[in-house]
Every structure is written in C-alpha cells, then in structure tokens.
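Trainee:
Protein chains: 2
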Amino acid sequence: MLVLHDNLGSGNAYKVRLLLSHLGRPFRRIEYDVTKGETRTPEFLALNPDGRIPLLQFSDGRTLAQSNAILFYLAQGTDYLPGDSFAQAKVLQWMFFEQYSHEPFIAVARYWLHFLDQREGLEEKWRRGYQALDVMETHLCAAAFLVGGTYSIADIALYAYTHVAHEAEMDLAPYPGIRRWLDRVAEQPGHALITQEEFS
Amino acid sequence: MLVLHDNLGSGNAYKVRLLLSHLGRPFRRIEYDVTKGETRTPEFLALNPDGRIPLLQFSDGRTLAQSNAILFYLAQGTDYLPGDSFAQAKVLQWMFFEQYSHEPFIAVARYWLHFLDQREGLEEKWRRGYQALDVMETHLCAAAFLVGGTYSIADIALYAYTHVAHEAEMDLAPYPGIRRWLDRVAEQPGHALITQEEFS
C-alpha cells in the first residue's frame, strides 16, 4: 500500500490527499510535526534528504518527493491530467508558478500566522501573494479551470493554499473569478479532506 | 520559428537556450532588460500575465512560460527526458526542488550582487542556498547525474544557477560531488552558451 509521509496542516500534503481521494486509492498516513523538527531526523533524512513532507513511499520502497511531482506521477493516465503534451506543459507551467510565485508568499504568511503567531515581514508576503492572485484572476475570469477548461492537477495544486488564504489574513473579495473557481473545485466528485489513517 | 523571450543574464532563460542548443533547434531571441521593467509592459503582460522571462512562443502564437515547464515540453521524446514515467517524476522532483529550494536563494543572491550591488539579507540567502547544495551533494557523491545515471533536463535545470554560484559569492570547494558533476555537464555534446540572434 502507498504510504504518505504527511502533515495535516500542510497545503502541499493536502494536494496529494485530495488527488488520492479523487482516484479512490487507499493509502496509509504517517503524520509528522514539522514545527518539532520531525522531518529533520536521521531516519527521515534517509528517506528524503531534503527533509520535507509530503513524501510518497511505494510498496517496493521507492520514494517520491515534491507535491507537484507526486501529483503529476499519480495523475498519469487519469482524468486529472490531459493527455496532450502541450496541455501537460501548461499544467506544469501553473504548478511551477504555484511553487515559485504563490506558495512562498501565501502559504508562508499562513504558516507564520496560523502556526507560529509571527507577524514580522507579513506585508511583503501579502504583496507578493496578491500579485499571484492577480495572475490567477486574469485567467479565471475567462476560464472555468486553469488548463483547457477541465479540472486537473493544476487546479488541485493552486486550490491547496488559495482556499485557505483567509488563514493568511488575505481577502478574496476582490477576486470573483477565483471565488467562483474555488466553488467549482469543491463541487468535483471525490472532493474531500482525507484525514483518516486509512481508507479503501 | 520558435521565439524565445529572453534575458542573457537569467539562469532560467539560460536553461532553455542550453536545451535548444543540445537539440539543435533554431530559434529567434528577443532580449528584455528585466531591471528596466521591460517584462511588465502592457504588450509583454498580454503574452505572459506573470510578467516573466523566459517565455517561449510558437509559430502559431501559443506561448509557454516557466523555464522548467518549457524544458519538459521541448525534451519530450528526446534523449534529455527518460521515457519511464517514474523517472520522469524524479526529473520533476528535482526541477520543483530547483525552483523552491535552490533558485530563490542562489539565483537571488547572484542577482543582488551581480546586477543590483545589494548585500542586505545575503546571509539568509546563502544559508538556504548552501542547504540546497548539501542536498545535491548527498546525491551527486553517489551518482553521475541527478536521475537514472544519465544527463537530463533535471541536470540542465540545476546546472543553470549552480555553475554561476561564484557570482553569488558562494564557495563550491566543499562540494566535490557537485564540482565533478558540473564538469560532466559541461562535457555534454552541444553544451554551449547560445547568445547569437539565430542559429541553424
């Protein structure tokens, strides 16, 4: 069975749980407290030298890190990744945008506020986070989903931290395109927060 | 003909030029001065709402942003991307690592020093940059290349800013695995800095 090295507070880990839910694939969760350094122990670093969750472990022992790489692998051949290679590249474009221009600002602001109660430096995180939302809004005012008009792992990747932007004290009121898209994502079959130890 | 919206100082754009050189694919370059806001004009934002180079434009007008998404698209079906889907996922794992844990520290330190003459905040960039190099070193002490023992776009993605780490005033002396890997990358056929307007 798949083992997900996980953290229930992490949006990056949430992405993987959400796709596994859509796919109906059973998995076992191992929870790590990132704030206590549980992903920096020698045992965990032997699994992932980068010391981060989520990490997906297969029954033969192979491991795969980086949430969006995990999504891309699991979505191969499913409805959650278009088959056309240019559309796949557009999915990747949005996923690299997420990790470079969205997550380091919105997710970090949320982490500081929600888990560390730290406010210093928030203004710059918000400024860059709103820039990322502006880019999404431009696209989502004219399209139902991020790539090709259908729900894909690009939407899962960007939904993860956008739908909890309020926990970063960010306001989605000026973003009607994003708010309609959040609703469309939440209406997808199999959309669920997977928190149980195992499901089948 | 392919048009690369480009900047000769950018390591992200360099990745695309290096792969195009390996592939022997002709392209036309349009140079932008990022420091003068040339990627934030209405004309450029119409091409890429994220306002960043590199941006690849195809003869039919379609565009693709994000350097690593461009690499993945161009490398499909070539020797620069393994055919196996798990190996492709490992390539993506390293490319997401590059954009999340390597580029924001090493490339930004280099940009501050090399282009802006700014030193404030460098220590934190260096600390996180060396963490990224530590992760690479662990892997490259035991492997010739990042994925599956053969040169791929994962190597191109991480070579781009690692081979100019000295411009960020970072020292590769404690990283013999990385230094040997840099040499191996530079020995690959077609390895060249492409700076001319067009080649064929």
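Chains as they are written, first to last, in this note's numbering: chain E, 22 to 221; chain L, 22 to 221.
A virtual CB, placed ideally from N, CA and C, is assigned to each residue, including glycine.
1. Quick one: does residue 216(L) have its CB under 7 Å from some CB of chain E?
2. Would you check if there are 3 or more beta carbon pairs closer than 8 Å linking the stretch 172 to 185 of chain E to the stretch 91 to 102 of chain E?
3. Could you work out which residue in 130(L), 80(L) and 162(L) is closest to residue 48(L) when comparing CA atoms only?
4. Residues of the stretch 108 to 124 of chain L with a CB closer than 9 Å to any CB of chain E: list them in chain order, please.
5. Can you check which of these residues, 86(L), 22(L), 64(L) and 58(L), is closest to residue 37(L) by C-alpha distance?
6. Ignore the nearest five residues each way along the sequence and tell me which others in residue 213(E)'s own chain have a CB closer than 8 Å to its CB.
7. For residue 52(E), list the residues DSSP reports as bridge partners.
8. Please determine if the stretch 200 to 211 of chain E and the stretch 163 to 174 of chain E are in contact, where contact requires at least 3 C-beta pairs separated by less than 8 Å.
9. Who are the Cβ neighbours of residue 72(E) in its own chain at under 7 Å, not counting the five residues just before and after it?
10. Within 7 Å (strictly less), CB to CB, does residue 221(L) reach chain E?
11. Tell me, to the nearest whole angstrom, how far the beta carbon of residue 185(E) is from that of residue 131(E); I am working on the premise that it is less than 8 Å.
12. Rounded to whole angstroms, what's the CA-CA distance from residue 167(E) to residue 112(E)? Just pull it up for me.
13. What span of residues does the alpha helix (DSSP H) with residue 179(L) cover, start to end?
14. Kindly say whether residue 8(L), judged by its beta-carbon, lies nearer than 7 Å to any beta-carbon of chain E.
15. Would you say residue 70(E) lies against chain L (beta-carbon separation less than 7 Å)?
16. For the stretch 148 to 159 of chain E, which residues have a CB atom closer than 7 Å to at least one CB atom of chain L, in sequence order?
Mentor: The relevant details are as follows:
1. With a pLDDT of 46 at residue 216(L), under the threshold of 50, the predicted position of this residue should be treated as unreliable, and no value is reported.
2. yes
3. Closest by alpha carbon: 80(L).
4. Of all residues in the stretch 108 to 124 of chain L, 109, 110, 111, 112, 113, 114, 115, 116, 117, 118, 120, 121, 122 and 124 have a Cβ within less than 9 Å of some Cβ in chain E.
5. 86(L)
6. 39 and 42
7. The bridge partners DSSP lists for residue 52(E) are 27(E).
8. Between the stretch 200 to 211 of chain E and the stretch 163 to 174 of chain E, the count of C-beta pairs closer than 8 Å reaches three or more; the two stretches touch.
9. A distance below 7 Å between beta-carbons, with the five flanking residues on each side excluded, links residue 72(E) to the following residues of its chain, in chain order: 60, 61, 65 and 66.
10. Any answer about residue 221(L) is weak, because its pLDDT of 34 lies below 50 and its placement is not dependable; what the coordinates show is given next. False, the Cβ-Cβ gap to chain E never drops below 7 Å.
11. 6 Å
12. Using only the alpha carbons, I get a separation of about 8 Å.
13. 174 to 183 is the span of the alpha helix (DSSP H), which, as asked, contains residue 179(L).
14. Here chain L has residues from 22 to 221 only, and residue 8(L) is not among them.
15. yes
16. 156 and 159
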